[in-house]
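Worksheet: one structure, shown below.
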Amino acid sequence: MTDQEFTPRERVERLFAGLASPDADAFADAMAPDAVFEIPWTVPGLPERLEGREAIREHLAQRWAGRSSLRIHGVYPHVYDTTDPELFFAENEVDMTGPDGVRWRGRTSVNLIRVRDGQIVLFRDYMDTGRLATLVAR
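Here it is, written out as structure tokens:
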């Protein structure tokens, strides 16, 4: 299937379906060449905004490579339609085991995603960075 054969909602659902086994290439390939990835509540030292597919790919490859202390068992998004056919919201729960061996499932982020011409042009990640930093530090 080409990008044009997916509905905007299918594009969003396919993106989240691949997050349990993080693949920066697959994630970035769903993005438009000039896509924007925003993390408004990021931790100090990390960018709040990335512009362009390749910058997104590079950032996620680095971040996800350092996430080996967390084992992701599943990502469970609830995707919401809006009155704008290009715009979606998603609430994500993640089932994971932290470095301390404790397994838990909890809400980790809310996302705003805009899809145009079969590609994601905006991914805004309101991630609970404090909770995730605490998990990694355990």
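Residue numbers (UniProt numbering): 1 to 138.
Heads up, the beta-carbon is just placed ideally off N, CA and C, and yes, glycines get one too.
Everything numeric in this text was worked out from a predicted model, so none of it was measured.
Quiz prompt | Among Asp29, Ala30, Leu50, the one whose alpha carbon lies nearest that of Ile39 | solution = Leu50
Quiz item: If you scan the UniProt domain "SnoaL-like" (12–121) from start to end, which runs of the alpha helix (DSSP H) of 4 or more residues do you find wholly inside it?
Solution: 24–29, 53–65
Practice problem: Leaving out five residues on either side along the sequence, give the residues of the same chain with a beta carbon under 8 Å from the beta carbon of Met96. | Solution: Leu70, Arg71, Ile72, His73, Arg103, Trp104, Arg105, Leu135
Exercise. Below 8 Å CB to CB, which residues in the same chain sit around Ala20 once its five sequence neighbours on both sides are set aside?
Key: Ile72, His73, Gly74, Val75
Quiz prompt | Contacts around His78, its chain only, beta-carbon distance under 7 Å, and the 5 residues preceding and following it disregarded | solution = Ala90, Glu91
Quiz item: Excluding the five sequence neighbours on either side, which residues of its own chain have a C-beta within less than 6 Å of the C-beta of Met1, listed in chain order?
Solution: No answer about Met1 holds up, because its pLDDT of 47 lies below 50 and its placement is not dependable.
Self-check item: Spatial neighbours of Phe88 in its chain, beta-carbon cut-off 6 Å, leaving aside the 5 residues before and after
Solution: Val12, Val79, Ile113
Quiz prompt | Of the listed residues Val110, Ala24, Leu46, nearest to Arg57 (C-alpha basis) | solution = Ala24
Quiz item: Sorted by chain position, which residues of the same chain lie with C-beta nearer than 8 Å to Pro47's C-beta, five sequence neighbours on each side aside?
Solution: Ile39, His59
Quiz item: Would Val43 be called buried (16 or more neighbouring beta carbons within 10 Å of its own) or exposed?
Solution: exposed
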